[in-house]
Amino acid sequence: MEPIEINAGGYYLRALRADDLLDDRPAIVRAFEDPEMKRWVSDYRIADLADAGAYVRRRADEWARGVRCSWAVAEPTTGELLGEVDLRGLADGDPQAACWTHPDHRGRGVASTALGAAVRFGFGALELPRIGYQHEADNTASHRVAEKCGFRLVGESVHEGVRLLQWVAVP
């Protein structure tokens, strides 16, 4: 599948980029240096531009294989990277949404606006019957985003000693 751009109102969703016209890698490195990102997004370690480049290539490959739709949340006039939102698990029938916001842009509704647009895309264009969302129980920002986007809390679990909340959205 080719990446699809989405107009999300005050933001637009586009593929992550690292080319001559637009390079998201420096913003990705800065975001992943942030202590809050390290705390809540622990499955990626991005220390430099090479790591960020691999991250951008991985997302492009996931689009191409149809296993994840991932969007850079961008400022519409400059293209500045504000965060990322994705729908993953598309190939295995267990679609899950995820998002993060660059530390310089938190508290402005970036994540909830982007996640809402991605969920609408999942239901409308991909015809997904449901979309899950999971976060650590202590992550109050993710909790608020889930509620704002219409997810319903359906349970919790413990994984490696960490309490996780599971949410679901349906069309």
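In full-length UniProt numbering, the protein residues as written are 1 to 171.
No residue lacks a Cβ here, since even glycine has one placed at the ideal position from N, Cα and C.
- Each of 137, 112, 96 and 138 was checked against the Cα of residue 122, and the nearest Cα belongs to 96.
- Taking C-beta atoms as the reference points, residue 66 and residue 18 fail to come closer than 8 angstroms.
- In this structure, residue 100 lies near residue 84, with their beta-carbon atoms less than 8 angstroms apart.
- Between the alpha carbons of residue 80 and residue 35 lies a distance of about 21 angstroms.
- Taking the Cα positions, residue 109 is about 25 angstroms away from residue 45.
- Non-local beta-carbon contacts of residue 74 in its own chain, meaning distances under 8 angstroms to residues more than five positions away in sequence, involve 11, 12, 13, 14, 80, 81 and 82 in chain order.
- Annotated three-state conformation of residue 105 is helix, per DSSP.
- C-alpha of residue 103 to C-alpha of residue 111: approximately 12 angstroms in a straight line.
- Between the alpha carbons of residue 56 and residue 152 lies a distance of about 31 angstroms.
- Runs of the alpha helix (DSSP H) lying entirely within the segment 54 to 90 and spanning at least 4 residues: none are present.
- Per DSSP, the unbroken alpha helix (DSSP H) holding residue 122 starts and ends at 110 to 124.
- Residue 58 sits away from residue 90, with the two beta carbons spaced by 8 angstroms or more.
- Collapsing the DSSP output to three states places residue 18 in a strand.
- Residue 42 counts as exposed, since fewer than 16 other beta carbons sit within 10 angstroms of its beta carbon.
- Distance from the CA of residue 146 to the CA of residue 38, rounded to the nearest whole angstrom, comes to 20 angstroms.
- Of 7, 50 and 2, the smallest CA-CA separation from residue 24 is found for 50.
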